[in-house]
Structures are given as C-alpha cells and as structure tokens.
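Be aware that the sequence shown starts at 0, since it is given in numbering that gives the first Met the number 0, and climbs by one per residue.
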Amino acid sequence: MEASEAQQLRSDLPVMSYHETLRSIAGVLASFFAAMLAATIVSIALPTMMDSLGGSQTDFNWVLTSALLANAATTPIWGKMADLFDKKKLLQAGILVFVGGSLLAGFSTSIPMLLGARVIQGVGMGGLTAMGMAVIGTVIAPRERGKYSGYFGSVMAVATAAGPLLGGLIVDSPLGWRWTFFLGIPISLLSMVLIHKTLHIVHIKRPVYIDWGGAVLLTSAVSLLLIWVSYVGKPEFFAWHSWQTYSMVGGALLLTAILLWVESIVPDPIVPLRIIATRTTSLAIIASIAIGVGMFGTGAFIGQYFQIAREASPTMAGLMTLPLIAGNFAGSVFSGQMITRFGRWKIYLVLGSLFNVAGLLLLSFMQHDTEYWLLGVGMFLNGLGMGFMLQNLVLSVQNTVKVTDIGSASSAVAFFRSVGGSAGVAVLGAMLSNRVSDLVNTGVSKLGAEFMVGVDAGDSLNLSAMPAPVRLVVEAAYGEATGIVFLVSAIVAAVAVVCVALIREVPLRRTI
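In structure tokens:
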C-alpha cells in the first residue's frame, strides 16, 4: 500500500521550476515569519510587560515557557495530521489559531490572562512549525532543499533581527507593549491569502487515526515536569526533598512509561517510535534538545540582561542583539547554498555545534560591566552555530525517511527542540531567579532595615515601584547572575557536538 501511494505521489506531483517552487512556498515563508516575529518581539518587551502587569521573574519565565510548551506538545499532533490530512488547510488552521492567541494576548489585563493567550499562541506556532517543514519536505527533493532551507534561515534571521528592533520601538512608542502582539496579525492574514493562491499540494488520502491518548499523556508528562522545575527549591513553594517533588517527578516518569507503552501498540502513534529509534533521527533529536536549551535561553535572557543590568531602553536592547542576528543569518544562508552546491551537510553541523559552544562560553563571562565587544563576539558565534544547525538537522532527518513519514519525522525534531527550549527556559530561569534572589537579599541587607520591609525584590520585576537604592541592587544582581545561564547552556550544548559527530552522512536524495 505504501509503495503504491509513493508511486502515485511521484506521478501526480508536477515538476516545478525554481521560481515556481519559490512562489509556491511564499505563503509558508510569510507564516513562518509571523510566528518567529511574535516570539522575538515578545522577548524584548517582556521586562516592560512584567513591570506593567506586576509580574515576577517566575512569571517572566512562564510567559515564555507556556508558549514553548504548547508549541512542543502540539507539534507532533500537527505533524501526524500532516501525514493524514490536507497540509494546506492545516497550515491555514494553524494561522487562525495563532491570530486568535495574538489578539487575546494583546488585550491581556493580568498575568493569568496573558499566560492563557500564550498557550493558544503556542498551539498555533506548533502548527506553523510542523506544517512549514512538512510542506517543504513534500514538494522539494532533499538534494535541492538546502537552498530553500537557506530561505527559511533567512526569514528566521530577518524576523529575529526585526523582532527586537520593532519590539523596542513599539514599547518605547505611544503604542505600548500590546502592539507587539498585534503586529503579527496582518502578516499572518496576508500569508493565508498567499497560501490559498500559490500553494498547491497533491494530497493522498490515507486511513485516519489520531492518537489522542498519546497526545494527552505527552502533554501531561512534559507539563508536570516543567511545573516542578519552575517552583522547586523556592521557599514560598516546596523543597527539593518534599512530597510535592516526589509526586511530580514520579508522576512524570509514570506518565512517560505509559506513553511509551501506548505508542508501541497504537497504529499511528503521535511519537513514532520506529522513526525516532533510527540512528540519524535519534541523534538529531538529542542534538536538537541540547541546542534548544541554548537557543531559547539566549533569546529569553539576553534582552532582559541588557534592559535590567545595563539599563538599556527596549530599542537599544534590540540593537545590542544584532551580532546574534548577523551570525544566524550568515550561517543559515551560507550553509544552505553550500549544501545545495556540493551536497555535503555534516560538516556544517559539526562546525555549528562547535561555534555554538564557543559563543555560549564567551557569554558565560557576562557581568554587569563586561565590555560589549566580548558579548558581541559571543552572540555572533552563538548565532552562527544556530544558523548552521537548525534547518540542517531537520534536513538530515528528512533525507532518511519515507515521504509519507516526513511530517511525523520533521515534527519530532521540532518537538524535542521545543521541549529542550521549554525545559531550558524553566530550569535556567529558576537558576537565575535563585541566584538573583540571593544577591539581592545580600545587597539589600547592606542598605539597612528600612529597605528590607515590604520589598520582595528577589523575584519581582516591578522595577518602577522599587526605591532607587533597591533598584540599583537588583540591576547589579542581574548583571552578576546572568552568566550562569550561558555557562549551563554551553555544558548542555556540548552534547550536541558529540551527537552530530556520530551522525552518519548519507548523500542527499535528488528526488522527493
């Protein structure tokens, strides 16, 4: 049956020229741009949001984590549906969900409302991520995919560059931080029009089975673990050795065991064990988890560092992240073009993993008065490594699976990268919060008893409500503490170096 479907797919797909192919994926690129722009704009605007809504460092972490978690939990579901249903309609559905979440986020009046909106946004982002990769894998042969992956990398780089700058300008303008959510809506709606007019995919009908049990177990296990990571060790919540810790960790392990059993017996599992158990896919997944920690952690905390520790405005903080963007752009475009020209891809994964570790190690020396040129070199190397790795890890997996499994395989890589990012933001944010709290408590105690009363500066980001001496202590604490985020990220990223070194390079297919 699968052989006949593949033969039918090959015979039905039209042979498109380069320009026809590029025109057909224009809407996909636009939707991908909207999702990336939303993420990067929010990261630079978060300190202002927390100050406006009275949020804490824990709230800061969860505004990021909630969207990443929803993205991670739903990406495999979208990917499975991509193998079962019309990819074009699913992509448009993902855009609508994303637009709805953006509207709700823009009108948020409290942290809980903002968190709920971010979950909806994350569900939509999961659809855009999974559908975009599935469409590319369906219409473009692996041997030619490098140049198109370069376009995705370029869109990612432009969105990452434009996001902090636009976010800073919007926050500093009379529009305010709410428009950082509204801005992506017209771009998303435009992408829907482009997709309707230009994207044409032959859909082969298959028996439909959705693994809802696996989806629920997957979401529950990941959510429980991240909730535990976010609150463990905080005096106001629970200790490392407590019944809450044992219940949450034990529950997550139990749910994971049940998930593996369910996925091994259902006909169409949400996490395809037979696919992720292959050598290339499993190594790519582990590498994606490792780089996801650094990728999302860097984006989340570098802007916060510049605004709090260096007292930069949101606009200036966006400008200060430009070396990161330049590296990402250079790495993605260069590697994509070289892979298409010469057909070799592993060397870029190896170089990217080394650049990534080197950049994160440089950033780990960050203090409140660190010379900017050192931070700039670290950000550039980090971005260059990401540009070399992100799309090419997906390419290595797509090149080894059947066309009918491209959606599931691609979304599996994206899912575990998002899980790594979610866990990274939660864990790194908790470590940063604890370190800042210790430094702030020590610093405030030196100011005198009058500043200790009623000041919860250890976790609060409501800087405008703090007395000036306390605010200075908090700013210095963030400058001294943020380096630990990048040191831990570098240690985790070293795992990716080992994984990509062990991946076996297979010549890229010239056919779909």
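Positions of the beta carbon are idealized from the N, C-alpha and C atoms, including for glycine. No experiment lies behind these values; they were computed from the predicted model shown.
Where residue 278 and residue 399 are concerned, what is the direct C-alpha to C-alpha distance, given to the nearest angstrom?
10 angstroms
Contacting residues, own chain, Cβ-Cβ under 7 angstroms from residue 29 (five flanking each side not counted):
186, 189, 190, 193
For residue 454, which residues from the same chain have a beta carbon less than 8 angstroms from its beta carbon, with the 5 sequence-adjacent residues on both sides left out?
Its pLDDT being 49, under 50, residue 454 is placed unreliably in this model, and the coordinates cannot settle the point.
Just to confirm before moving on: does the CB-CB distance between residue 312 and residue 386 stay below 8 angstroms?
Not closer than 8 angstroms, so no.
Closest Cβ-Cβ distance between residue 325 and chain D: below 8 angstroms?
Of the protein chains in the structure, only one exists, and it is not chain D.
In angstroms with no decimal places, state the Cα-to-Cα distance between residue 31 and residue 122.
14 angstroms
Could you check whether the stretch 255-269 touches the stretch 71-90, counting it as contact only if at least three pairs of C-beta atoms, one from each stretch, sit closer than 8 angstroms?
Taking a contact to require three or more Cβ pairs closer than 8 angstroms, the stretch 255-269 and the stretch 71-90 qualify as touching.
Here's the rule: buried if 16 or more other CB atoms are within 10 angstroms of the residue's CB, otherwise exposed. What is residue 249?
exposed
With a threshold of 7 angstroms on Cβ separation, who are the neighbours of residue 197 within its own chain once the five nearest residues in sequence on each side are excluded?
22, 23, 25, 26
Is it the case that the Cβ atoms of residue 429 and residue 228 are separated by a distance below 8 angstroms?
yes
Cβ separation of residue 225 and residue 425, assumed to be a contact under 8 angstroms, to the nearest whole Å
5 angstroms
Under a Cβ-count criterion, where at least 16 other Cβ atoms within 10 Å of its own Cβ denotes burial, should residue 241 be classed as buried or exposed?
exposed
Which of the three DSSP states is assigned to residue 172 in this structure?
coil
Integer-rounded CB distance, given that residue 382 should sit under 8 angstroms from residue 327
Their Cβ separation, rounded to whole angstroms, is 4 angstroms, which keeps residue 327 and residue 382 in contact under 8 angstroms.
For residue 154, name the three-state secondary structure that DSSP assigns.
Looking at residue 154 - three-state DSSP - the assignment turns out to be helix.
Cα-Cα, which of 62, 367, 209, 415 is closest to residue 304?
367
Throw me the rounded Cβ distance for the residue 280 and residue 396 pair, which I believe falls under 8 angstroms.
5 angstroms
Would you mind working out which of 360, 361, 330, 357 sits nearest residue 346, comparing C-alpha positions?
330
Assigned secondary structure, residue 222 (DSSP; H/G/I helix, E/B strand, else coil)
helix
For residue 105, I'd like the list of residues in its chain whose CB is within less than 6 angstroms of its CB, leaving aside the five on either flank, ordered along the chain.
Closer than 6 angstroms at Cβ, skipping near neighbours: 177, 180, 181.
Backbone secondary structure at residue 453 - three-state DSSP
Residue confidence for residue 453 is low, a pLDDT of 47 falling below 50, so the modelled location carries little weight; the figure read from the coordinates is stated next. Residue 453: coil per DSSP, three-state reduction.
Does the stretch 407-422 come within contact of the stretch 348-362, defined as at least 3 CB pairs closer than 8 angstroms?
no
Inter-residue Cα distance where the pair is residue 498 and residue 418
17 angstroms
If you follow the alpha helix (DSSP H) that residue 513 is part of, which residue opens it and which one closes it?
Because the chain here runs from 0 to 511, residue 513 falls outside it and cannot be looked at.
Report buried or exposed for residue 379, applying the criterion of at least 16 other Cβ atoms within 10 angstroms of its Cβ.
With 16 or more Cβ atoms within 10 Å of its Cβ, residue 379 is classed as buried.
Can you tell me whether DSSP reads residue 84 as helix, strand or coil?
Three-state result, residue 84: coil.
Can you grab the Cα-Cα spacing for the pair residue 87 / residue 318, in whole Å?
36 angstroms
Rounded C-alpha distance that separates residue 276 from residue 263
12 angstroms
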